[in-house]
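Count along the sequence shown starting at 1, add 310, and that's the number in my numbering. Following: one structure in C-alpha cells, then a few remarks.
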Amino acid sequence: MKLHNAFSVHGSPSEPSDTARPTRSTVEWNSIIRRSPPVKSLSVYAHAMLPSGALPNKFTFTFLLKACIHGFFSSLSCLHAHIILLGLHRDPFLRSSLITTYAHHRQVSMVDHLFRQETSNDTVVHTALVSAYARCGLLESARKAFDEMPQRNPVSWAALLTAYSGSTRDVEALGVFRRMLIESVECTEAALVCALSSAARLGALMYGQRAHLLIVVSGMHVPSAALGTALLGMYAKCGLVDDALKVFDRMPQRDQPAWTAMISALAAHGRGPEALDLFGEMLEFGFKPDSVICIAVLHACSHAGLVEKAREYFNLMVRVYGIRPGLEHYGCMVDVLGRAGQVEEAWKMVHSMPMEADEYVLKSLLYTCCNHMFLEYAEWAAEKLMSLNAGQASSYVLLSNAYASLGQWDSVERLRKLMRARGVPKISGSSAVE
C-alpha cells in the first residue's frame, strides 16, 4: 500500500479546492478509522480520507500507528513522513506512539533517532523510551533511560517494573516495587499486576500481601479481572488456595483467564473435585473452554484419580469444543491412566498420538510402567528418553530400580555401565542427618 501516492509531498499537504470540499470532517474520519480493523483503517486513510481533502490530525495517526503495530510495518515509514509533513512530529504523544510502534518491530536505531532528534524533558516520551528498550530486550538500556529521566510519574515507574517482570527478572522487579513503596509512588494497576506476577513466581508472599494491601487502601476492594487474576494467582502460587478462592469469589467480573487461574490452582493443590465443580460452573456461565483450561481439568482428574471423568472431558474437548489435543493433554491422560493402573491403555494412547512424544509424555509413561512392572514398555520409554536427553539420570534410575525390585541384577549392572559410557552422573545419595 503506497500511502504517499495519495498525499501531496510538495511542501504542506494539499488543501481541498472549492469543488473538492471534504464530505466528512476530520473527527468523522477519525471515528471511522478508530472503529475499523487494522488493514481497513489504513485503506480508509489512504484511499478515502486523504482524497477527500480532510486533513489528518494527531488523533488520526494515533489510531493508524496502532494498526502498524499489528504487522503492517510497510506503511509505517509513509505515516511517519506524513506526520513530519504536517508538522506533528514534535507532539510528545505522537513521538511516544512512533517510538512504541518502531519498538514493536525491533527497530532500535529508529527508536534512538526519534528520541534524540528533539530535545525534550517530556515524561511521556522518556517513559515510551523505557518501554521501547524493554520490548527490544535491552533491559540495561531501559534502566539507564529511567535513571536519566528528569522527572518520573507513576506510569514511568510502572514501565520499569513491567520491563523487569515481563522478562522474568523478578528479583529486580520487586526491587523496583520496594522503591516505589519507600518513595510513596502511586502504584498503577499495571504496576500492581506485574508486582503480583513476580511475587507469585518467587513465592514472595510478603510482597504479594503488600500489593494486596495497596489495592484495598486505594479503594479497589473490587479489583478488575486482570488485577484479581494476578492476586489470586499470587496466593495460589504461595500455597494459600483458600485466600485465592476468597479473591475469586469477590470478583464481580471473571473473565476466561480468571476461571483458568482458579481451576488450575485447585487442580495443582490436589483439590480435583472442587476444580471440576468450578469448571462446571464456568460452563454454566457460557464460557467456552480453551486448550489451557482443558489441561487444568485433566490435571484435576489425574490428582483425584477420576479416570472416567478424564476420558469424558478429553472426548468433550475434541468432539464438542473442537480443541486439538497437544502434548500436554496427552501427557495428562497418560498420567491419569497410569495412576489408575491402566497401563495398556496409556501405552496405546502414546502410540496413537499424531505427534512424537516429548519428555513429559515419556516420563509419565515410564513412571507408570515402572510402578506396575511393565518392563518391556518401560524399556521402550526409557530408551526414547535417553535419546532425547542422554545426560539426565532420572530415566536410568527409574528403570534400574524396577529391575532391582524384580531381582534382575544383570540388567541393573548393564544400565550402570551404559550410564558410565554415556557420562551420565549418578544421583547422589543422602541421609536424614544431611
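From the three backbone atoms N, C-alpha and C, an ideal C-beta is built for every residue, glycine too. Here the structure is a predicted model, which means the values were calculated and not measured.
Using a threshold of 7 Å, state whether the C-beta atoms of D587 and S612 are closer than that.
no
Please work out which residues of its chain come closer than 6 Å, Cβ to Cβ, to A585, disregarding the five sequence neighbours upstream and downstream, and give them in chain order.
I573, L576, A577 and A610
In three-state terms, what does DSSP make of G381?
coil
Let me know if D559 comes out buried or exposed under the rule of 16 or more other beta-carbons within 10 Å of its beta-carbon.
exposed
In the DSSP assignment, find the unbroken alpha helix (DSSP H) run with T678 in it and report its ends.
E669 to N681
By DSSP, does D587 sit in helix, in strand, or in coil?
helix
Taking the beta carbon of V481 as the centre, do at least 16 other beta carbons fall within 10 Å, making it buried, or is it exposed?
exposed
Determine, using beta carbons only, whether L470 and F487 come nearer to each other than 7 Å.
no
Assuming M544 contacts G518 under a Cβ cut-off of 8 Å, what Cβ separation, rounded to an integer in Å, is found between them?
That pair is a contact at about 4 Å.
Residue burial classification, I394 (beta-carbon count within 10 angstroms, cutoff 16)
By the neighbour-count rule (16 or more Cβ atoms within 10 Å), I394 is not buried but exposed.
Give, in chain order, every unbroken run of the alpha helix (DSSP H) that is at least 4 residues long and sits entirely within the segment 389 to 447.
Under the rule that a run must span 4 or more residues, the alpha helix (DSSP H) segments found entirely inside the segment 389 to 447 read 402 to 414, 418 to 426 and 433 to 445.
For G476, the three-state DSSP class (helix, strand or coil):
helix
Since L626 contacts G582 with CB under 8 Å, what's their CB separation in whole angstroms?
No, L626 and G582 are not in contact; Cβ-Cβ is about 17 Å, not under 8 Å.
Beta-carbon gap between Y670 and G641 smaller than 7 Å
yes
Alpha carbon of W467 to alpha carbon of W690, nearest angstrom:
54 Å
Run through the segment 597 to 624 for me and flag every whole alpha helix (DSSP H) of 4 or more residues, listed as ranges in chain order.
DSSP runs (the alpha helix (DSSP H)) wholly in the segment 597 to 624: 601 to 614.
Buried or exposed for Y412, please, with buried defined as at least 16 other CB atoms from any protein chain shown within 10 angstroms of its CB.
Y412 comes out buried.
By the DSSP assignment, the alpha helix (DSSP H) with T570 in it spans what residues?
Q566 to A578
Hey, how far is the Cα of A535 from the Cα of I379?
25 Å
Less than 7 Å between C-beta atoms, sequence neighbours within five positions excluded: which residues of the same chain meet that for K368?
So the list reads L398, D401, F403 and L404, once near-sequence residues are dropped.
Taking Y623 as the reference, give the member of G596, E654 and F589 with the closest Cα.
F589
Let's see if you can read the secondary structure: which residues bound the alpha helix (DSSP H) around F456?
F456 -> alpha helix (DSSP H) spans L449 to D457.
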